[in-house]
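Notes follow the structure.
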Amino acid sequence: MIQISAATRINRSRVPRTWVYMGWEKESGFLNVPGKAPESIRKAMEEEGFQGKEGQVAVYHAVQGPAEKIVALGLGTKPEATAETLRRAGGRLARKAREIRLEGAALEWPRPFQADYLKAFAEGLLLGSYQFTRYKTQLKDAPKGLQKLELKVVPDSLAAAQKALSTALSYGEGTLLARDLINGAPSDVTPKVLAQTARRIAKGPIRIKLYTKKDLQRMGAGGILGVNIGSAQEPYLIHLHYKPQGKPKKSVALVGKGITFDSGGLSLKPAGSMETMKMDMSGAAAVLGIFSQLAKLKPNAEVHGIIPTTENMPGGRAYKPGDVLKAMNGKTMEVLNTDAEGRLILSDGLSYAVEQKVDQIIDMATLTGACVVALGALVSGAMTNNPELLEQVKAATEAEGEPIWELPLVKEYREDIKSKVADIKNIGGGREAGSIIGGLFLQEFVGDTPWVHLDIAGPAYLEREFPAVPYLTYGGTGLMVRSLLTFLKTA
Ligand code: BES
Ligand code: MN
Ligand code: ZN
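Sequential numbering from 22 applies to the sequence shown in this note's numbering.
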């Protein structure tokens, strides 16, 4: 992981050195030109029309002077800038550095100092530098990317800068842990591996309860068990529990869908749709990423991390359309499509969360293809029984650049999941409102507890990159780790 440090002085005599400049559009000069930018570089920028437009990035070579190289990043206009502008600039620097094989650089941080800007910039760098190399054997000549960035800050903002960097580092580490889990091959990242990862995280203020198949039978977790029957891998219900020192402000349950591979089961997916279905545990990965940082960030809330996890596989013993499963809260569910499995395992996860008597529940699930169709790869769907809680979640996701958009839980559509033989069925009638139907199904298991459902099917995994958002890399994004860490800290 790239090392980012802040100090009040940077040794200028150590050359060759690369300086990173950041510039606002329509403002004369660079806001953080370290005093004496070589005249040759100022000229080159002018001639090439480097205007500081958002997304602009250019590399200049000094003919003489203290800097050998300058990487210039445009930030756009000052009034339009948000933390996300700086996050993207950080990501852009990471990409550019890899391209030009730059491994070390220095940057004079602009004044006035804004901690949220620095945190975002550092996040962008950490996330944009990420590469998933677990299965690559030919890495010898591959560019390493930026390894070290030294920041110069004024003395009275040094403490704030260091705090912003340490938060960014935590957010980055948590997110990258989630990305690694999502990107791992489905035969490598099994339910057991998620359970082992949770065990590793459970230290200090974090406790774990790990429920095995036997336990789940005793508890009547029919949703998880039903989906699991076709799989050769054991299912688990993972329960992580973080307790802050002193009296917590509130208790929150974070529930993550942990399908480590979704074949669709007997309602088999077409081959193409199955290609990325190792990502169907992205909600679980987010919970693990969040918990991996709680001991360090110490939010003042009690947090439960709940992960129902299994594969969804076809086979001679697999659950079948027509089967009826009984969830942990006693409700019966008619399975009419074995590919609507996420809601079945979440029925137990949510019932279990309610049993913990928490103040709030937030679930994260790659639940519906319909949500990908509706909102695409950069926006998650959000549904709630409590608008106030959704507002709080939304504020956090906006601060972290992980947009959500509310879909209404239209009461009248509840008719569509009425079953002739059981309490409810796991699909609606036709092709309408697929994401909302999923949300309405989940709502059956949260009772009166304030709850937000995040359908992250689109943004959890990118099959193409977005040049405008350079800190997002191909594959797992690890989204919602940063947003929910911020939610836990502030709400
Ligand atoms: N894991 C999928 C949803 C999904 C699709 C996530 C594409 C990411 C990308 C989920 O289990 C599923 O298969 N949902 C079905 C529900 C349907 C059968 C009601 C779907 O969306 O087709
Ligand atoms: Mn499915
Ligand atoms: Zn699924």
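Yeah, the Cβ is synthetic: ideal placement off N, Cα and C, and Gly gets one too. Just so we're clear, the structure is a prediction, and the values are computed from it rather than from any experiment.
What are the partner residues of tyrosine 263, as DSSP defines its beta bridges? Ile227, Val324
Out of Arg122, Ser456, Ala391, Gly326, which has the shortest C-alpha to C-alpha gap to isoleucine 222? Gly326
To the nearest angstrom, how far is the alpha carbon of glycine 56 from that of alanine 185? Note that glycine 56 scores 48 on pLDDT, short of 50, meaning its location in the model is unreliable; the coordinates nonetheless yield the value given after this. Their backbone Cα atoms lie some 25 Å apart in a straight line.
Taking the beta carbon of threonine 233 as the centre, do at least 16 other beta carbons fall within 10 Å, making it buried, or is it exposed? exposed
Report the residue from Glu67, Gly304, Ser252, Gly310 whose alpha carbon sits nearest the alpha carbon of lysine 47. Glu67
Rounded C-alpha distance that separates valine 210 from alanine 104: 34 Å
Considering Cα atoms alone, identify which of Thr29, Gly499, Met334 is closest to valine 514. With the chain running from 22 to 512 in the structure shown, residue 514 is simply not present.
Does DSSP put valine 473 in a helix, in a strand, or in coil? strand
With DSSP collapsed to three states, give me the class of asparagine 514. The structure shown has nothing for residue 514, since the chain only spans 22 to 512.
Pick helix, strand or coil for tyrosine 192, following the three-state DSSP scheme. helix
Proximity to glycine 241 [Cα-Cα], best of Leu346, Tyr151, Gly277, Ser187: Leu346
When Val308, Ser288, Lys317 are compared against isoleucine 328, the one with the closest alpha-carbon: Val308
Report yes if the C-beta distance between isoleucine 383 and leucine 506 is below 9 Å; otherwise report no. no
For arginine 228, I'd like the list of residues in its chain whose CB is within less than 6 Å of its CB, leaving aside the five on either flank, ordered along the chain. His262
Can you have a look at serine 150 and say buried or exposed, based on whether 16 or more other CB atoms are within 10 angstroms of its CB? buried
Which residues neighbour the ligand ZN when neighbourhood means a C-beta less than 5 Å away from any of its non-hydrogen atoms? List them by chain order. Ile280, Asp283, Asp301, Gly363
So who's on the other strand from tryptophan 276, going by DSSP bridges? The residue you asked about is not tryptophan; residue 276 is valine in the sequence shown. The partner list for valine 276 (beta bridge, DSSP) reads Ile327, Asp384.
Could you pull out every residue in the same chain whose Cβ sits closer than 6 Å to the Cβ of glutamate 323, ignoring the five residues on either side in sequence? Lys264, Pro269, Ser272
Run the CB neighbour count on leucine 160, radius 10 Å, all protein chains shown included, and call it buried at 16 or more, exposed below. exposed
Under DSSP, the beta strand (DSSP E) around methionine 103 begins and ends at which residues? It is worth fixing the name first, because residue 103 is threonine in this sequence and not methionine. Element bounds for threonine 103: n/a, residue is neither H nor E.
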